[in-house]
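Have a look at the structure below before the remarks.
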Amino acid sequence: MSQKLYNLIMHSDPKFWSGDSGYVDFPRDRFLEYTEDHLKEQFQTLDQDARNKLKTLPTLFSVEHENADTRIGKITNIEVQPNRLRIYFKLSEENYPLTKGVLQKNWQELNINESDFEFYRTHWAIKECDILNFYKAYLKTLTGIVHQLKGADQKVQLIYAFNGTGKTRLSREFKQLISPKNDVDETVLSRDKILYYNAFTEDLFYWDNDLTLDAEPKLKIQPNSFTDWILVDQGQDQNVIANFQRYTSDKLTPRFHSESRERHQNGKKIVVQSIVEVTFSIETGDNVDSGNLKLSKGEESNFIWSVFYTLLEQVVSILNVPEPDERETNVFDKLEYIFIDDPVSSLDDNHVIELAVDLAELIRLNESSVKFIISTHNPVFYNVLCNELVSDDKSRRPYWRGKWFGKSRLERSEEGGYLLVPQPNDSPFSYHLHLLAKLKAVIDSGQVEKYHFSLLRNILEKTATFLGHKRWEHLLPSSEDGRPNPYAKRILNFSSHSKHSAEEVPDLEPQDQKVLKQLIDHIVSTHRFWQEQESDD
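Mapping to UniProt numbering: the sequence shown position 417 is 417, numbers consecutive.
The structure is reproduced here in structure tokens:
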């Protein structure tokens, strides 16, 4: 039987597909509705041969209106009665669900009749589509990636992805899966099941740039329930200040300003106090007023993260109390996930390291069932978190290593889809492979600039650390007398610790470009980067 056919079983009650196996009854006259005539001829007799063929087909178990995720499985037995069919089924443990909306979005490929109410009627149809290939393609969508994350066992999942790959969209898709908009009041954050931090969290804050009439700078807060819930409802303003000052200076002090606002609650308008802006000043203790200050971009990122991090501290502390009746509040009882996307924008490496160490420590303190998913484009943040989390006592035991902590890379496929590639615990972080590919492309194009030597030094430093060399110069080709090659001095002269390539003078002599190419070729051939990468795949 061709696997390009599949069973589509649409039912009104999502509870039928909530277990791993079971049975469901259908009116016999609903069998083969919305099925092409040439397929009806093969199966309408429901004799033993037809039933055996039906049991070989992959099956989609869906719900009317797609009010629940669609499951993939198979029919294990069919009992035929004069007016009724009883279908015994088993849902696949290997296949993730197809999230709500996927069938309607792909109705043409799946040969589902969208215009004739097929999604709104209980029935059993036979369709033409290679479901297994469809599922493989689905796994390369962000929605499919989200289901892979949700289906993972690890308490902590760390994802690396370059900017523009789709990290922020991934966090939004994950939030939609865990707590869909139509499942919660629009005025209520999805914090019941998930807390998430991403670029949209930072967008809640903006500077008042209207400095006419000598107005002082203020960090404005867009109307939302997130900050009011933390600062007003939970009374965490002093803890936010303490965390912020720990990352910056104990003299740099935020002040929260509130005003009365209308809020909808239970269908009624109520007036509440809402935090609308924050001002910052230097407290010197000598009664000298610094006036309101505008933060640097790094300080601003630190402040916004401090708001969210303060909430995380409260969540972990409260949920570590095992018995719900003994907790100081029950607002977090339903929490399942904390998704953190790139909290390190605009931070220097020192603050990135400090933030990563603090976050790892907080994660280790978590004794509840809440799972953490963290995505980042920053290799320093990624590596520090890896080292901190792998050093946890639980991860040292083989059993716990797989359960406790997982690493992966989010990549774009050549076809335009997405891939979640496991990053083995015993492999180095492969950011240097990306830099090598970038340098090779630059050399091929002939557009080499001085800052590309900084990238080369970055590669050498990371590789030397992984291979156990004390100095990165040991990876360079040796001169005839065995002493360090003068190439090292040239790279040192070109390599700048500045983080801004614009500060580099781009001009290069032709000989310098030749040196860069020779060094890249030596590194690739000597340390077999591409060969190792291919064997890992």
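C-beta: ideal position from N, C-alpha, C; glycine also.
Check: By a C-beta neighbour count over all protein chains shown, 10 Å radius and 16 as the cutoff for buried, is D185 buried or exposed?
Finding: Position 185 of the sequence shown, counted from the first residue, corresponds to residue 185. Per-residue confidence for D185 stands at a pLDDT of 36, beneath the threshold of 50, marking its modelled position as unreliable; the derived number appears in the next sentence. The residue is exposed, with fewer than 16 neighbouring Cβ atoms inside 10 Å.
Next item on the list: Quick one: grab the DSSP three-state call for D537.
Entry: For the purposes of this step, residue 537 is identified with residue 537 of the sequence shown, where counting begins at 1. Bear in mind that the predicted position of D537 carries a pLDDT of just 40, short of 50, making it unreliable; the figure below should be weighed with that in mind. DSSP places D537 in coil when its eight states are reduced to three.
Notebook entry, point to check: Out of curiosity, what's the CA-to-CA distance linking N387 and H264?
Noted result: Locating residue 387 in the sequence shown gives position 387, where the first residue counts as 1. Locating residue 264 in the sequence shown gives position 264, where the first residue counts as 1. The alpha-carbon atoms of N387 and H264 are separated by roughly 46 angstroms.
Check: Going along the chain, which residues of its own chain have a beta-carbon closer than 8 angstroms to the beta-carbon of K90, five neighbours each way excluded?
Finding: Start at 1 with the first residue of the sequence shown, and residue 90 comes out as number 90. A distance below 8 angstroms between beta-carbons, with the five flanking residues on each side excluded, links K90 to the following residues of its chain, in chain order: D20, S21, G73, K74 and T76.
Notebook entry, point to check: Hey, would you say I159 sits closer than 9 angstroms to I373, going by beta carbons?
Noted result: As a first step, residue 159 is located in the sequence shown; it is residue number 159 there, counting from the start. As a first step, residue 373 is located in the sequence shown; it is residue number 373 there, counting from the start. In this structure, I373 lies closer than 9 angstroms to I159 by Cβ.
Note to self: By DSSP's criteria, R71 is part of a beta bridge. Which residues make up the other side?
What the structure shows: If you number the sequence shown from 1, residue 71 lands on position 71. Paired residues: F61.
Notebook entry, point to check: Quick one: what does DSSP say Y399 is sitting in, helix, strand or coil?
Noted result: For the purposes of this step, residue 399 is taken as the residue at position 399 of the sequence shown. Low per-residue confidence applies at Y399: pLDDT is 42, beneath 50, and the placement is therefore not dependable, though the value from the model is reported in the following sentence. In this structure, Y399 counts as helix in the three-state DSSP scheme.
Check: With burial defined as no fewer than 16 other Cβ atoms inside 10 Å of the residue's Cβ, what is the status of R409: buried or exposed?
Finding: As a first step, residue 409 must be located in the sequence shown, where it is residue number 409. R409 comes out buried.
Item checked: Same chain, Cβ closer than 7 angstroms to L142, neighbours up to 5 away in sequence not counted -> Here residue 142 refers to the residue found at position 142 when the sequence shown is read from its first residue. Answer for L142: G166, R169, L170, E173 and Y418, listed in chain order.
Note to self: In the DSSP output, what is residue 602 paired with across the bridge?
What the structure shows: Only positions 1 to 537 of the chain appear in this structure, which leaves residue 602 out of reach.
Check: What span of residues does the beta strand (DSSP E) with W124 cover, start to end?
Finding: As a first step, residue 124 is located in the sequence shown; it is residue number 124 there, counting from the start. Taken as a continuous stretch (DSSP letters only), the beta strand (DSSP E) holding W124 covers H123 to E128.
Check: Can you tell me the Cα-Cα spacing of E259 and V240, whole angstroms?
Finding: Translated into positions along the sequence shown, residue 259 becomes position 259. Translated into positions along the sequence shown, residue 240 becomes position 240. For E259 and V240, the distance between alpha carbons rounds to 19 angstroms.
Checklist line | Selection from A437, L85 and F405 that minimises the alpha carbon distance to P422 | finding: Within the sequence shown, numbered from 1, the residue matching residue 422 stands at position 422. Measuring from the Cα of P422, the nearest candidate turns out to be F405.
Notebook entry, point to check: What number of angstroms, rounded off, separates the C-alpha of S18 from the C-alpha of A125?
Noted result: Taking the sequence shown and counting its residues from 1, the one referred to as residue 18 is at position 18. Taking the sequence shown and counting its residues from 1, the one referred to as residue 125 is at position 125. The straight-line gap from Cα to Cα measures roughly 21 angstroms.
Margin query: DSSP three-state label for K407, please.
Written below: Here residue 407 corresponds to residue number 407 of the sequence shown, with the count starting at 1. Strand.
Checklist line | Whether S274 touches D208 by CB criterion (9 angstroms) | finding: Numbered from its first residue, the sequence shown carries residue 274 at position 274. Numbered from its first residue, the sequence shown carries residue 208 at position 208. No, Cβ-Cβ distance for S274 and D208 is not below 9 angstroms.
Next item on the list: In the DSSP assignment, find the unbroken beta strand (DSSP E) run with S260 in it and report its ends.
Entry: Taking the sequence shown and counting its residues from 1, the one referred to as residue 260 is at position 260. S260 -> beta strand (DSSP E) spans L252 to Q265.
Notebook entry, point to check: What residue does the alpha helix (DSSP H) around T329 start on, and which one ends it?
Noted result: Residue numbering aside, residue 329 sits at position 329 when the sequence shown is read from its first letter. No alpha helix (DSSP H) holds T329; DSSP gives it neither H nor E.
Next item on the list: Can you say whether M1 is buried or exposed, counting buried as having 16 or more other CB atoms within 10 angstroms of its CB?
Entry: The residue given as residue 1 occupies position 1 in the sequence shown. Confidence in M1 is poor, its pLDDT being 42 and thus under 50, which makes the residue's placement unreliable; the coordinate value appears in the next sentence. Its Cβ having fewer than 16 others within 10 Å, M1 is exposed.
Item checked: Sub-9 angstroms separation of V352 and F332 beta-carbons -> Numbered from its first residue, the sequence shown carries residue 352 at position 352. Numbered from its first residue, the sequence shown carries residue 332 at position 332. Not in contact: V352 and F332 (Cβ atoms no closer than 9 angstroms).
Check: According to DSSP, is N182 helix, strand or coil?
Finding: Taking the sequence shown and counting its residues from 1, the one referred to as residue 182 is at position 182. Low confidence applies here, because N182 scores a pLDDT of 47, under 50, leaving its location unreliable; read the following figure in that light. Three-state result, N182: helix.
Notebook entry, point to check: Helix, strand or coil: how does DSSP classify I78 here?
Noted result: Residue mapping note: residue 78 aligns to position 78 of the sequence shown, counting from 1. For I78, the secondary structure class from DSSP, reduced to helix, strand or coil, is strand.
Next item on the list: Evaluate the contact criterion for the segment 215-223 versus the segment 318-338: three or more CB pairs, one atom per stretch, below 8 angstroms.
Entry: no
Check: Thinking C-beta only, is N320 closer than 9 angstroms to L366?
Finding: Along the sequence shown, read from residue 1 onward, the residue named residue 366 stands at position 366. Along the sequence shown, read from residue 1 onward, the residue named residue 320 stands at position 320. One detail in the question is off: residue 366 reads as Asn in this sequence, not Leu. The answer is yes: Cβ separation under 9 angstroms.
Notebook entry, point to check: Which residues in the same chain have their Cβ closer than 6 angstroms to the Cβ of L46, if we skip the five residues on either side of it in sequence?
Noted result: Sequence index remark: in the sequence shown, residue 46 carries index 46 (1-based). Once the five neighbours on either side are set aside, the close Cβ partners of L46 are V80.
Next item on the list: Quick one: using the 10 Å Cβ neighbour count with 16 as the cut-off for buried, is R121 buried or exposed?
Entry: Translated into the one-based positions of the sequence shown, residue 121 becomes position 121. Looking at its Cβ environment, which holds fewer than 16 other Cβ atoms inside 10 Å, R121 is exposed.
Item checked: C-alpha distance - D481 paired with E313, whole-angstrom precision -> As a position in the sequence shown, residue 481 is number 481, starting the count at 1. As a position in the sequence shown, residue 313 is number 313, starting the count at 1. When rounded, the distance between both Cα atoms is 58 angstroms.
Note to self: Are there any heavy atoms of the ligand GDP lying less than 8 angstroms away from the beta-carbon of K407, as far as the coordinates show?
What the structure shows: As far as ligands go, the structure on display features none, and thus does not contain the ligand GDP.
Check: Near V232, which residues of its chain fall below 8 angstroms by C-beta distance, leaving aside the five closest residues on each side in sequence?
Finding: Walking along the sequence shown from the start, residue 232 turns up at place 232. The answer, listed in chain order, is S258, V272, Q273, S274 and I275.
Item checked: Where the beta strand (DSSP E) containing D25 begins and where it ends -> One-based indexing of the sequence shown puts residue 25 at position 25. Here the beta strand (DSSP E) through D25 covers S21 to P27.
Notebook entry, point to check: What residues are listed by DSSP as bridge partners for Y6?
Noted result: The residue you call residue 6 lines up with position 6 of the sequence shown. K127, per the DSSP bridge assignment.
Checklist line | Distance between beta carbons of H123 and M10, contact taken as under 8 angstroms | finding: The residue labelled residue 10 in the question sits at position 10 within the sequence shown. The residue labelled residue 123 in the question sits at position 123 within the sequence shown. Contact holds; Cβ gap of about 5 angstroms.
Margin query: In the DSSP assignment, the beta strand (DSSP E) including K420 goes from what residue to what residue?
Written below: Start at 1 with the first residue of the sequence shown, and residue 420 comes out as number 420. Going by the sequence as given, residue 420 is Leu instead of Lys. Y418 to P422 is the span of the beta strand (DSSP E), which, as asked, contains L420.
Notebook entry, point to check: Considering only residues of the same chain and omitting the five flanking positions on each side of K517, which have a CB-CB separation below 7 angstroms?
Noted result: Within the sequence shown, residue 517 is the residue found at index 517, counting from 1. Excluding residues within five positions, the ones whose Cβ falls inside 7 angstroms are I443.
Notebook entry, point to check: For the alpha helix (DSSP H) that contains K53, what are its first and last residues?
Noted result: The count along the sequence shown starts at 1 and reaches residue 53 at position 53. Run containing K53: Q48 to T56, per the alpha helix (DSSP H) assignment.
Notebook entry, point to check: What is the residue span of the alpha helix (DSSP H) that K220 lies within?
Noted result: Here residue 220 refers to the residue found at position 220 when the sequence shown is read from its first residue. Bounds of any alpha helix (DSSP H) do not take in K220; it lies within the beta strand (DSSP E) bounded by L219 to I221.
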